[in-house]
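Asks:
In my numbering, the protein residues as written are 1 to 346.
1) Taking only three categories from DSSP, how would you classify residue 11?
2) Which complete alpha helix (DSSP H) runs does the segment 80-163 hold, if anything under 4 residues is left out?
3) Taking DSSP as the reference, what is the three-state secondary structure of residue 176?
4) Between residue 23 and residue 202, what straight-line distance do the alpha-carbon atoms span, to the nearest angstrom?
5) Would you mind stating whether residue 208 and residue 265 have Cβ atoms separated by less than 8 angstroms?
6) By how many angstroms is the C-alpha of residue 312 removed from the C-alpha of residue 53?
7) CB-CB under 8 angstroms to residue 93, same chain, minus the five flanking residues each way: which ones, in chain order?
8) Anyone know if the C-beta pair for residue 100 and residue 18 falls short of 8 angstroms?
9) Measuring only the C-alpha atoms, how far is residue 324 from residue 290?
10) If we count Cβ pairs, one from each stretch, closer than 8 angstroms, do we get three or more for the segment 229-244 versus the segment 253-260?
11) Quick check on the DSSP output: what are the complete alpha helix (DSSP H) runs of length 4 or more inside the segment 230-293, in order along the chain?
12) Buried or exposed, going by whether 16 or more other CB atoms sit within 10 Å of the CB of residue 277?
13) Per DSSP, residue 206 forms a beta bridge with which residues?
14) What does the alpha-carbon distance come out to for the pair residue 114 and residue 310?
15) Within the continuous beta strand (DSSP E) that includes residue 32, where are the two ends?
16) Residue 151 and residue 190: beta carbons closer than 8 angstroms?
17) Can you give the Cα-Cα distance for residue 197 and residue 306, rounded to whole angstroms?
18) Report the three-state DSSP secondary structure of residue 19 (helix, strand or coil).
19) Look up residue 347 in the DSSP assignment and give the residues it is bridged to.
20) What span of residues does the alpha helix (DSSP H) with residue 65 cover, start to end?
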């Protein structure tokens, strides 16, 4: 018998509607970025602890069909190290937002995106596009080989640049570049990275350094703020701010000479918590309402304990009911998450 249910919006206690689900599909990574995980000693999840593709698909389906979620982003760890990634992409890309949903995508396929370090992207870019992936973000913090090795502890810059080219060649649009800016590390390359984006016709999004490093060594002085980033670019390439796109985390500017756009995610200096529409699912099935949340909801136990879709949907709604007003970075009340970025999912 066909199950019929009303599509309801997930609205948190502060009136924000959840539309974006971030799914980490693995905690493993082929890089060891200093702001994400330690060089040695990472305790990887046992493979049986990680959600199967079928479990991921079930949770995604509940969120899309029952809760008006219209955007899913696959993250990690590094999602491309998960075997048979295009198979999962094909499954999720077929999800349709219900006609009765209050989403601009009502009746259409979800917006499905991927965040990757790009090191092996050349090998599967065409498969991912054919499987139905909508958009792709590629991490690139430097254009200098020596600095790349210092940040990632891997010598794969050429592979990442090739992966960016592959994404462009197979027709992903837009391709976005994520660059985490750290004072004294790569803040001298803001202009070079902006120029790279202009030349490649991709949008570079500079990300303020957040306290999610595995070593717990983050300091406020390490943060290069949005105003400084924008001023650095504007001094050479004049900019004009453009309107924000919904609840997207990046503030955006266009180049006055028509060479595209550039963005900044001001997570620390100008938090976008007031418009946050995101929730997160870790690789082992823990549901989180914020990157910096100290509370998790165990959906894996429900999946493997024969819980009904109704029960799982109720738990998701309960979790969203605990969503904070904001992360409170810089306040005395801020508590650093016990997990690093790689364990939560970027």
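Each residue gets a CB set at the ideal place from its N, CA and C atoms; glycine is no exception.
Replies: With the structure as the only source:
1) strand
2) 85-93, 121-131 and 145-152
3) strand
4) 24 angstroms
5) yes
6) 17 angstroms
7) 109, 110, 112, 131, 132, 133 and 134
8) no
9) 8 angstroms
10) yes
11) none
12) buried
13) 179 and 264
14) 28 angstroms
15) Premise fails: residue 32 is in no beta strand (DSSP E) and is neither H nor E.
16) no
17) 48 angstroms
18) coil
19) Any property of residue 347 remains undetermined from this structure, which presents the chain solely from 1 to 346.
20) 53-67
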